[in-house]
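Participant:
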Amino acid sequence: MKKLLSLTFLFFFLGGMTMAQSKINWLTFEEAAAKTQENPKMVFVDVYTDWCGWCKKMDKDTFSDPKVIAYINENFYPVKMNAENTKRKFMFRGKEYTEASMATTMRVRSYPNFVIMDATMENITQYPGYRQPEPFLTGLTGILDKFGK
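Position 75 of the sequence shown, counted from 1, bears residue number 75 in UniProt numbering, the numbering being contiguous throughout.
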């Protein structure tokens, strides 16, 4: 009976660990800014629009890949930002933004587009366009190698 209980516990524990990494832990921009002040880490901003087919394909194919999920969750504070959302407002560095105005400030002009920010919330590069999981990870690894953690 003890063995059965131990195995059951182990099954649920490991299952829970798998579930914890079943999706990217998307944050709002202001949540990522607050977290990076507490614990400095690079920020990954997925700038998308609702009408963008390649953005939807990125969500379906790439952002659902277990390796991509684990890599982004481990190395970044991930943010999902709708480049056309003018309703949700937030403060950043003493100025009010909407997701749309922040996307403009970041000079995003195509979708999907991924803005990589350092731990001080400064834009360091953009990584635009749809990519399948493996090439996407290769590119992100190269960015982290170049700009450090």
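We put the CB at the ideal spot given by N, CA and C, even for glycine.
Predicted model, so just to flag it, every value in this text is computed and none were measured.
(1) Verify whether the separation of the beta carbon atoms of ASP65 and PRO128 is less than 9 Å.
(2) Nearest-angstrom Cα distance between GLY15 and ARG131?
(3) By Cβ distance, which residues of its chain are closer than 8 Å to ILE69, with the 5 residues on each side in sequence left out?
(4) Can you give me the C-alpha to C-alpha distance between LYS89 and MET121, rounded to a whole angstrom?
(5) Report the rounded CA-to-CA distance for ILE116 versus VAL43, giving the unit in angstroms.
(6) Provide the residue(s) that pair with ASP46 in DSSP beta bridges, ordered along the chain.
(7) Alpha carbon to alpha carbon, how far is CYS52 from THR105? Give it in angstroms, no decimals.
Facilitator: Working from what's here:
(1) Cβ distance not < 9 Å, so ASP65 and PRO128 don't count as in contact.
(2) Unreliable positioning characterises GLY15 in this predicted model, as indicated by a pLDDT of 49, which lies under 50. A coordinate reading is not provided.
(3) So the list reads GLN21, SER22, LYS23, ILE24 and PHE63, once near-sequence residues are dropped.
(4) LYS89 and MET121 have their alpha carbons spaced roughly 18 Å apart.
(5) Rounded to the nearest whole angstrom, the C-alpha separation of ILE116 and VAL43 is 6 Å.
(6) Note: ASP46 is bridge-paired with LYS80 and PHE114 in the DSSP secondary-structure output.
(7) CA-CA distance, THR105 to CYS52, rounds to 20 Å.
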